[in-house]
Amino acid sequence: MADMVGVAAALCSVSSFAPQIYKIWKERDASSVSLKTYALTVSCFILWVCYGLLTEAWPVTLANGCALVMASGVLIMKWRFERKG
123 MADMVGVAAA LCSVSSFAPQ IYKIWKERDA SSVSLKTYAL TVSCFILWVC
173 YGLLTEAWPV TLANGCALVM ASGVLIMKWR FERKG
């Protein structure tokens, strides 16, 4: 049961970035995205991946690695599509 909850949590964490990625990509506009928030989010996922590697906790590493990719995608698009007023 605990594994099922963990998998569900990981899927929710990773997929939670998809709507934001889709919206930015479709509109080519990331002005409503907070740079500080996503920079902090990416930093947190990097630390969780490091923790998972150091403790050999592969579920933590894998779930946070996937979330890191998604959050990094938002951050990269923030820099790429930022509209300078």
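Quick note on this note's numbering: the sequence shown kicks off at 123 and runs consecutively.
Beta carbons are placed, not taken as given, at the ideal position from N, Cα and C, and that holds for glycine.
Residue from the options whose Cα sits closest to the Cα of residue i
{"i": "Cys188", "options": "Trp201, Glu178, Val129", "result": "Val129"}
{"i": "Val136", "options": "Leu184, Trp201, Phe203", "result": "Leu184"}
{"i": "Glu204", "options": "Arg150, Tyr173, Val182", "result": "Arg150"}
Contact check, residue i vs residue j, beta carbons under 7 Å
{"i": "Ala152", "j": "Met199", "result": "yes"}
{"i": "Leu190", "j": "Phe167", "result": "yes"}
{"i": "Asn186", "j": "Val171", "result": "yes"}
Collapsed DSSP secondary structure at residue i in the structure displayed
{"i": "Met208", "result": "Examination of residue 208 is not possible in this model, given that the chain is present from 123 through 207 alone."}
{"i": "Ala185", "result": "helix"}
{"i": "Ala179", "result": "coil"}
{"i": "Met126", "result": "helix"}
Query raised in the report: Which full runs of the alpha helix (DSSP H) of 4+ residues lie inside the stretch 128 to 157, going along the chain?
Result: 140 to 149
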